[in-house]
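Take a look at the structure below.
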Amino acid sequence: MDPALNVLGGKLETCSTAPLTGFFRDGCCNTGPEDRGRHTVCVIVTAEFLALSKYLGNDLSTPRPEFRFPGLQPGDRWCLCAARFLQAAQEFAAPEVVLEATHARTLEIVPLELLRAHAVKGED
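At position 40 of the sequence shown (counting the first as 1) the number is 40 in the UniProt record's numbering, and the numbers step up by one without a gap.
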């Protein structure tokens, strides 16, 4: 199996293991046919983004022990759905993106220019 690629064409790096993220809970923003939400954008969440997500019906800040989900806090890295990232960008609440840990399939939904505009400072 070929290694997954990031949006810059390099090897996909780990997004986060604490909290453990990714559709497959492998720490990477890997995707596959079963990942209908395309959890491929590695972001560093902000309070503003968490508030928007909660308002839109996806509360990422409240712990859900029954799902082994600790709840996210500002500064945590997380594999975000590509469409939700795009929506957050349109609402001026997009979190910073870790390009090296963002899966190349994101580019089917989000333009690279937009990802670069929200890249973690000092990257790319």
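No residue lacks a Cβ here, since even glycine has one placed at the ideal position from N, Cα and C.
Practice prompt. Could you check how far apart the C-beta atoms of V43 and F92 are, in whole angstroms? I think they sit under 8 Å.
Written response: For the purposes of this step, residue 43 is taken as residue 43 along the sequence shown, with counting starting at 1. For the purposes of this step, residue 92 is taken as residue 92 along the sequence shown, with counting starting at 1. At roughly 15 Å, the Cβ-Cβ gap does not stay under 8 Å, so V43 and F92 are not in contact.
Worksheet item: Who does R77 pair with in a DSSP beta bridge?
Response: For this step, residue 77 is matched to residue 77 along the sequence shown. In the DSSP assignment, R77 is bridged to I44.
Worksheet item: Cα separation between L12 and N30?
Response: Walking along the sequence shown from the start, residue 12 turns up at place 12. Walking along the sequence shown from the start, residue 30 turns up at place 30. The alpha-carbon atoms of L12 and N30 are separated by roughly 8 Å.
Discussion item. Pairs of beta-carbons, one from the stretch 75-83 and one from the stretch 36-54, closer than 8 Å: are there three or more?
Written reply: yes
Discussion item. So E100 and L5 are supposed to be a Cβ contact under 8 Å. How far apart are they, rounded?
Written reply: Here residue 100 corresponds to residue number 100 of the sequence shown, with the count starting at 1. Here residue 5 corresponds to residue number 5 of the sequence shown, with the count starting at 1. Rounded, the Cβ-Cβ distance is 10 Å, inconsistent with contact.
Worksheet entry | Per DSSP, the bridge partner or partners of V97 | What you label residue 97 is simply residue 97 of the sequence shown in a count that begins at 1. BP columns for V97 point to V43 and A119.
Worksheet item: Using the rule of at least 16 other Cβ atoms within 10 Å of the residue's Cβ for burial, across every protein chain shown, is T21 buried or exposed?
Response: Numbered from its first residue, the sequence shown carries residue 21 at position 21. That one is buried.
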